[in-house]
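Asks:
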Ligand SMILES: Nc1nc2c(ncn2[C@@H]2O[C@H](COP(=O)(O)OP(=O)(O)OP(=O)(O)O)[C@@H](O)[C@H]2O)c(=O)[nH]1
Ligand SMILES: [Mg+2]
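Residue numbers (our numbering): 4 to 501.
1. Drop a sphere of 10 angstroms on the beta-carbon of residue 414, count the other beta-carbons inside from all chains shown, and report buried for 16 or more, exposed for fewer.
2. Buried or exposed for residue 197, please, with buried defined as at least 16 other CB atoms from any protein chain shown within 10 angstroms of its CB.
3. When you measure from the CB of residue 46 to every non-hydrogen atom of ligand 2, does any distance come out below 6 angstroms?
4. Can you tell which of 227, 357, 98, 251 has the C-alpha that lies nearest to the C-alpha of residue 55?
5. Between residue 412 and residue 378, is the Cβ-Cβ spacing less than 7 angstroms?
6. Have a look at 408, 288, 368 and flag the residue whose alpha-carbon is nearest the alpha-carbon of residue 346.
7. In the DSSP assignment, what are the bridge partners of residue 288?
8. Could you pull out every unbroken beta strand (DSSP E) segment of at least 3 residues lying fully inside the region 58-100, listed in chain order?
9. Report all residues from its chain with a CB closer than 6 angstroms to the CB of residue 181; omit the five preceding and five following residues, and keep chain order.
10. Quick check on DSSP: helix, strand or coil for residue 406?
11. So, for residue 272: in the same chain, excluding its five sequence neighbours on each side, which residues have a beta-carbon less than 6 angstroms away from its beta-carbon?
12. Is residue 262 near residue 245, with beta carbons less than 7 angstroms apart?
13. May I ask you to check if the CB of residue 113 is nearer than 6 angstroms to at least one heavy atom of ligand 1?
14. Closer than 6 angstroms to a non-hydrogen atom of ligand 1 - does that hold for the CB of residue 386?
15. Find the nearest neighbour of residue 111 within the set 355, 88, 137, judged by alpha-carbon distance.
16. Counting only the same chain and skipping the five closest in sequence on each side, list residues whose C-beta sits under 6 angstroms from that of residue 230.
17. Just verifying my parser: in three-state terms, what is the DSSP assignment at residue 384?
18. Within its chain, find whatever has a CB closer than 6 angstroms to the CB of residue 29; leave out the 5 residues flanking it on each side and keep chain order.
19. Does DSSP classify residue 142 as helix, strand or coil?
20. Please go through the same chain and pick out, in chain order, the residues whose beta-carbon is closer than 6 angstroms to the beta-carbon of residue 317, but skip the five residues on each side of it.
21. What is the rounded straight-line gap between the Cα of residue 313 and the Cα of residue 164?
22. Under three-state DSSP, which class holds residue 496?
23. At the level of alpha carbons, what is the spacing between residue 94 and residue 79?
24. Suppose you measure from the CA of residue 85 to the CA of residue 281; what does that come to, to the nearest Å?
25. Out of curiosity, what's the CA-to-CA distance linking residue 300 and residue 294?
26. Below 8 angstroms on the Cβ atoms is my contact criterion, and I expect residue 343 with residue 90 to pass it. Report the Cβ-Cβ distance as a whole number of Å.
27. Should residue 288 and residue 37 be called a contact, given that it needs their Cβ atoms to be closer than 7 angstroms?
28. Go ahead and label residue 3 buried or exposed: buried means 16 or more other beta carbons lie within 10 angstroms of its beta carbon, across all protein chains shown.
29. Report the rounded CA-to-CA distance for residue 168 versus residue 174, giving the unit in angstroms.
30. If you run the structure through DSSP and keep just helix, strand and coil, what is residue 420?
31. With distances taken between CB atoms, is the gap from residue 203 to residue 268 smaller than 7 angstroms?
32. With DSSP run on the structure shown, which of helix, strand or coil describes residue 452?
33. Once you ignore the five residues that flank residue 156 on each side, which residues in its own chain have a CB closer than 8 angstroms to its CB?
34. Given a threshold of 16 other Cβ atoms within 10 Å of its Cβ, counted over all protein chains shown, does residue 114 qualify as buried or as exposed?
35. For the beta strand (DSSP E) containing residue 471, list its first residue and its last residue.
36. Which value, in whole angstroms, describes the spacing of the CA atoms of residue 137 and residue 119?
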């Protein structure tokens with residue numbers, strides 16, 4: 004009874020929020036764009052480049068409104084939500100443009116409002132629309148999004164899945180300690196704070212190891228175990244899955260009952276508010292992925308990334324009968340899956356990268372049983388840090404990329420100083436897409452030995468410094484160079500400026 008009551012009030016609240024959001028949308032048209040991706044995927048760089056190119060009239064031939072000269076101006080305005088941190092656009096751009104440094108890592112949600120004044124292409128629309136669109140960009144960690152499926156899972160489901168995943172060969176050695184610790188506890192024993200803490204710490208250490216390891220694994224819930232924020236040490240974060248749970252109700256006072264209660268608290272205090280306050284209000288979504296890193300780590304990491312993208316897409320379309328479904332499918336109508344950092348490859352490989360991401364997204368869409376929104380993919384570089392050239396080696400002419408590798412980056416035993424420009428032959432992506440996927444999909448049990456050894460990566464990977472911006476004769480700095488950012492813009496906001 005109690006639970007159906009909370010469900011009802013949640014639902015009513017979401018309906019109200021949604022209604023009021025729409026009502027204000029009538030007066031000044033706005034579009035809420037969610038930008039998500041696992042940590043270090045390239046969200047902050049993407050948003051900075053997106054805004055910078057619009058404000059400074061960047062070269063965007065595939066972005067129709069800009070190309071046809073219909074954008075009068077784009078500028079930052081005060082964001083609509085007072086309680087959400089502002090996206091520190093100026094700081095990030097200063098780092099990129101003045102210091103040629105990548106922005107710092109961000110760990111929480113933030114928001115920025117960019118307003119575009121434009122002239123509609125059709126006379127009819129010009130008569131009726133204000134010619135103004137506010138784009139509210141919301142940056143949030145993909146790890147938090149991966150929490151959403153927990154809303155539909157009981158503690159027993161969550162536990163079972165966590166142990167299944169942890170036993171996969173790509174994860175088995177990383178999870179060994181935690182699994183051994185878990186095997187030694189009796190879920191039915193009396194609840195004990197220290198046991199709960201030991202298990203939670205060990206579980207969190209395993210999740211962190213998955214992220215750090217060169218296997219480049221995408222992560223598992225709960226997302227706040229990786230980025231606890233101000234909840235660190237609270238009971239809502241001091242729980243872990245337990246093995247071999249029976250269908251029977253946990254005995255009151257037992258370890259299982261304690262863990263279950265805390266898992267439910269996590270859902271109530273962390274997942275639901277985030278969902279209600281942020282996700283249900285989005286109109287469009289871009290999911291930024293680092294496909295190159297996963298490609299380099301081998302099919303196990305690709306399968307893991309595919310699983311993460313599947314779960315992320317599934318969040319935007321929770322299963323039938325789920326009370327969240329209605330609010331979603333009506334709202335988000337476009338999702339872009341974007342592989343960033345394409346500037347690490349020669350342009351001949353860009354289409355291959357895009358084809359690989361398309362395959363990944365198609366399978367994720369099929370697996371997530373996803374309908375109701377257009378899903379597109381693009382291989383892009385939000386900020387292009389390299390240019391292209393050729394190098395003669397004997398009789399062969401090799402396509403290379405040229406840039407300034409970051410200080411302390413290494414390749415073939417050479418360590419870079421962060422100042423010198425270098426030409427690098429990045430290697431090719433395989434032209435047979437199947438080679439990078441594992442035939443049996445994300446559940447495939449791949450042994451860590453099968454992944455490509457790091458001495459022989461598919462792509463030679465060096466991280467470059469942001470580019471040096473060119474100045475015009477008048478001393479005006481040009482906007483940040485990019486690859487296919489305009490294609491992303493066209494898909495995400497182009498139709499709203501038609
Ligand atoms: N060459 C190149 N590198 C990029 C690009 N975008 C991101 N990077 C690299 O990826 C790193 C992470 O990018 P961020 O935008 O900070 O990633 P994020 O998703 O915001 O990461 P968190 O805030 O830590 O979750 C940067 O420090 C760069 O080294 C790009 O377009 N080109
Ligand atoms: Mg960031």
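For every residue, glycine included, the Cβ atom is placed at its ideal position computed from N, Cα and C.
Replies: Well, looking at it:
1. Its Cβ having fewer than 16 others within 10 Å, residue 414 is exposed.
2. Answer is exposed; the Cβ neighbour count stays below 16.
3. For ligand 2, at least one heavy atom lies less than 6 angstroms from the Cβ of residue 46.
4. For the residues 227, 357, 98, 251, the minimum Cα distance to residue 55 belongs to 98.
5. Not in contact: residue 412 and residue 378 (Cβ atoms no closer than 7 angstroms).
6. For the residues 408, 288, 368, the minimum Cα distance to residue 346 belongs to 408.
7. In DSSP, residue 288 forms a bridge with 37, 338.
8. As far as the region 58-100 is concerned, its whole beta strand (DSSP E) runs of at least 3 residues are 74-80.
9. Counting only Cβ-Cβ distances below 6 angstroms, and skipping sequence neighbours, we find 205, 206, 209.
10. In the displayed model, residue 406 falls within a strand according to three-state DSSP.
11. Only residues of its own chain outside the window of five on either side were considered, and among them 239 have a CB closer than 6 angstroms to the CB of residue 272, listed in chain order.
12. Contact flag set, yes.
13. No - ligand 1 has no heavy atom lying nearer than 6 angstroms to the Cβ of residue 113.
14. Residue side-chain check: residue 386 places its Cβ nearer than 6 angstroms to a non-hydrogen atom of ligand 1.
15. Checked all of 355, 88, 137; the closest Cα to residue 111 is 88.
16. Here the set comprises 110.
17. Secondary structure of residue 384 (DSSP, three-state): strand.
18. Model confidence at residue 29 stands at a pLDDT of 49, short of 50, so the residue's coordinates are unreliable and nothing is read from them.
19. Here residue 142 sits in strand by DSSP.
20. Contacts found: 371.
21. Taking the straight line from one Cα to the other gives about 15 angstroms.
22. For residue 496, the secondary structure class from DSSP, reduced to helix, strand or coil, is helix.
23. Rounded to the nearest angstrom, the two C-alpha atoms are 14 angstroms apart.
24. Linking residue 85 to residue 281 through their CA atoms gives a straight-line distance of about 13 angstroms.
25. So the two alpha carbons sit approximately 10 angstroms from each other.
26. At roughly 17 angstroms, the Cβ-Cβ gap does not stay under 8 angstroms, so residue 343 and residue 90 are not in contact.
27. A Cβ-Cβ contact shorter than 7 angstroms links residue 288 with residue 37.
28. Only positions 4 to 501 of the chain appear in this structure, which leaves residue 3 out of reach.
29. Distance between the alpha carbons of residue 168 and residue 174: 7 angstroms.
30. Three-state DSSP puts residue 420 in coil, outside helix and strand.
31. Not in contact: residue 203 and residue 268 (Cβ atoms no closer than 7 angstroms).
32. Since pLDDT at residue 452 reaches only 40, below the 50 mark, its modelled position is unreliable, and the value read off the structure follows with that caveat. If DSSP states are grouped into helix, strand and coil, residue 452 belongs with the helices.
33. Excluding sequence neighbours, residue 156 sits near 164.
34. The residue is buried, with at least 16 neighbouring Cβ atoms inside 10 Å.
35. Following the DSSP letters along the chain, one finds residue 471 in no beta strand (DSSP E), marked with neither H nor E.
36. Roughly 6 angstroms between the two C-alpha positions.
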